[in-house]
Amino acid sequence: MARTKKDPNKEPGRIKQMWQVLQMTRRYDSLAVWYLALAFLLPVLLGVALAFLFSNPTDQIIGFVLFIIAGLLGGLLAFLIVLGRRAEKAAYSQIAGQPGAVGAVLKSSLRRGWAASEMPVAVSPKTQDAVYRAVGRGGIVLIGEGPRSRTQRMLDDERRSVVRMLPNVPVNFVYVGPDPESVPLHKLAGRLNKFKTALRKPEILAVSNRLNSLGKNQLPIPKGIDPFKVRSSRPR
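Counting in my numbering, the sequence shown runs from 446 upward without gaps.
Pasting the structure below:
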């Protein structure tokens with residue numbers, strides 16, 4: 446009988462996917478292996494210690510085995526959690542500094558309760574610096590992508606537009622760029638959740654809808670914009 450040909454478009458299995466993620470993470474994060482080994486071994490060693498402490502392997506074999514199994518499962522869970530975080534950090538390190546990187550984070554990493562778009566609300570055609578907007582429990586957050594010296598004016602202009610429409614909603618700034626005080630790309634989602642609560646869930650939706658109407662009245666940025674291809678309009 447002829448062997449069935451493998452479908453080249455078929456997605457790899459879970460184990461193979463994990464292996465690929467691990468290899469990618471090792472390539473960009475030299476400490477990942479040590480973190481993963483520590484995350485796995487600590488729960489396993491804890492399970493073994495509890496097994497010897499609370500169960501006698503000769504008289505209470507079931508309890509002894511259960512502690513060992515619990516340690517193994519805990520180690521596997523910790524391994525997966527650490528792998529996910531280190532892989533996310535490694536992935537973001539590859540796009541850090543590129544136009545549109547903040548939009549990728551807003552699209553994939555924001556928690557529930559936030560309303561944001563991967564498209565910037567303002568772009569500098571000359572420098573490709575951009576301003577993104579997110580709305581959550583902390584109010585309105587304007588995120589500058591690029592050096593602070595260049596994005597500060599863009600953020601101030603956007604804040605004035607927002608305050609004219611929503612004067613009672615707090616507006617916060619976050620900077621993502623090469624400056625030492627800027628927020629690293631992989632920590633952006635966590636930084637947004639540190640703002641003091643100012644809006645409730647229904648208010649978040651209302652503020653987001655109001656801001657979307659503000660964007661419609663301004664010069665539109667076409668959906669699916671490629672920040673690398675932004676060019677200033679030619680003079681007539």
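Don't be surprised by glycine CBs; every beta carbon is placed ideally from N, CA and C.
No Cβ-Cβ contact shorter than 7 angstroms links D602 with G591.
Put simply, the backbone Cα of K632 is about 29 angstroms away from that of V489. A535 is not a Cβ neighbour of D624, given a cutoff of 7 angstroms.
DSSP places E603 inside the alpha helix (DSSP H), whose first and last residues are R593 to M610.
Annotation: M469 to R530 spans about 13 angstroms, alpha carbon to alpha carbon.
With a beta-carbon spacing of about 6 angstroms, V628 and V619 fall inside the 8 angstroms limit used to define contacts. In this structure R604 is in contact with V616, their Cβ atoms being roughly 5 angstroms apart against a cut-off of 8 angstroms.
Taking C-alpha positions only, N657 is separated from V566 by approximately 10 angstroms.
Remark: C-beta atoms of G492 and F509 do not approach each other more closely than 7 angstroms.
For the pair of segments examined, the stretch 577-593 was found to touch the stretch 639-648: the number of CB pairs separated by less than 8 angstroms reaches three. Between G548 and R472, the alpha-carbon positions lie close to 24 angstroms from each other. According to DSSP, R578 shares a beta bridge with L587. Here the C-alpha atom of G516 lies approximately 12 angstroms from the C-alpha atom of F524. CA-CA distance, A484 to V527, rounds to 7 angstroms.
Membership of F524 in the alpha helix (DSSP H) is indicated by the continuous run I506 to I540. One Cα belongs to Y537, the other to S553, and the distance between them is close to 11 angstroms.
The three-state reading of DSSP puts N657 in helix, counting H, G and I together. In the assembly as shown, L650 is an exposed residue. Its beta-carbon has fewer than 16 other beta-carbons within 10 Å. The three-state secondary structure of A496, taken from DSSP, is helix. A distance below 7 angstroms separates the beta carbons of A541 and L630. The three-state reading of DSSP puts F485 in helix, counting H, G and I together. L555 sits away from A546, with the two beta carbons spaced by 7 angstroms or more.
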